[in-house]
Amino acid sequence: MYVCICNAVTDHQIKESVAAGASSLTDLKDQLGVGNCCGCCTDLAGSFLSAAAVSSSISVTSPMGAEH
Ligand code: FES
Numbered sequence: 659m660y661v662c663i664c665n666a667v668t669d670h671q672i673k674e675s676v677a678a679g680a681s682s683l684t685d686l687k688d689q690l691g692v693g694n695c696c697g698c699c700t701d702l703a704g705s706f707l708s709a710a711a712v713s714s715s716i717s718v719t720s721p722m723g724a725e726h
């Protein structure tokens, strides 16, 4: 499914980025452009980031800076 409509970024792309080392929304923004337009997708992207990180057993940084 599309997570970021503005940049046509899918949950699959987020999972691939996490698998490649992305650990924060900043990483996703740099790599995929998530949240760099209207910003409406950042909460959902953060959820997919956390879920992908859990399945990859890595820690991620939330938008508020706390680790999950
Ligand atoms: S939906 Fe992601 S920046 Fe607009």
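Per the numbering used here, the sequence shown starts with residue 659, numbered consecutively.
Positions of the beta carbon are idealized from the N, C-alpha and C atoms, including for glycine.
Distance cut-off 7 Å: residue i Cβ against heavy atoms of ligand 1
{"i": "Gly697", "result": "yes"}
{"i": "Val704", "result": "Val is not the amino acid found at residue 704; the sequence shown has Gly there. Outside the cutoff, so no."}
{"i": "Val712", "result": "no"}
{"i": "Ile663", "result": "yes"}
{"i": "Gly693", "result": "yes"}
Per-residue DSSP class, three states only, for residue i
{"i": "Ser717", "result": "coil"}
{"i": "Ser681", "result": "coil"}
{"i": "Val667", "result": "strand"}
{"i": "Val692", "result": "coil"}
{"i": "Gly704", "result": "helix"}
Residue i - containing beta strand (DSSP E), residue span
{"i": "Cys662", "result": "Tyr660 to Cys662"}
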